[in-house]
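Inspection log for the structure reproduced underneath, given as C-alpha cells.
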Amino acid sequence: MSFQIRPKLRSKLPLLAALAVSAAATAVQADELTTPPAPSASQQTNVPARGTSMEKVEAQFGAPSERLPAVGEPPITRWKYPGFEVYFEHQLVIHTVVSAS
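The sequence shown runs -30 to -1, 1 to 71 under mature numbering (1 follows the signal peptide of the UniProt record, and there is no 0).
Set out below in C-alpha cells:
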C-alpha cells in the first residue's frame, strides 16, 4: 500500500515548502534590542523605603508638593515630591516611583 498525494496538493507543495523556509528565516534574522536596566527606587538612597510610615516620610522629606486623596480598599494614597512619588497603603509606604530625568 503506497501513500499518494492528490494532484492539486502536489502542485502546491513547493509553495508551502518555500513559505515554511521563509518564515523560519525571518525568525532567525530578527534584531535584538538590549537596554540597560533602569535603577529601581529601592536602589536610590534619597527616597523613602518600603514600610516607612507617613510621619517618618514627612519628617525626612518635608511636606509633599501634592497630596492626592486615598482611593480604593485598602486605601492607597499618593504623595508627590520633586523627583519622585510615594504610594501608601493605609499609613505605610508600599512603593516609590522615581520620575524620569
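In this text, a Cβ means the ideal position worked out from N, Cα and C, and glycines have one as well. Since this is a predicted model, take the numbers as computed values, not measurements.
- Residue range 24 to 31 is occupied by the alpha helix (DSSP H) that includes Ala29.
- Residue pairing by DSSP puts Val68 in a beta bridge opposite Phe54.
- With a 10 Å radius around the Cβ and a threshold of 16 neighbouring Cβ atoms, Pro18 comes out buried.
- For Val41, the uninterrupted beta strand (DSSP E) segment begins and ends at 36 to 41.
- Taking 9 Å as the cut-off, the Cβ atoms of Glu55 and Trp49 count as close.
- An exposed status is given to Val(-10), since fewer than 16 other beta-carbon atoms sit within 10 Å of its beta-carbon.
- Assignment of Val(-10) by DSSP, reduced to helix, strand and coil, places it in the helix class.
- Taking 9 Å as the cut-off, the beta carbon of Thr22 is found no closer than this to the beta carbon of Arg37.
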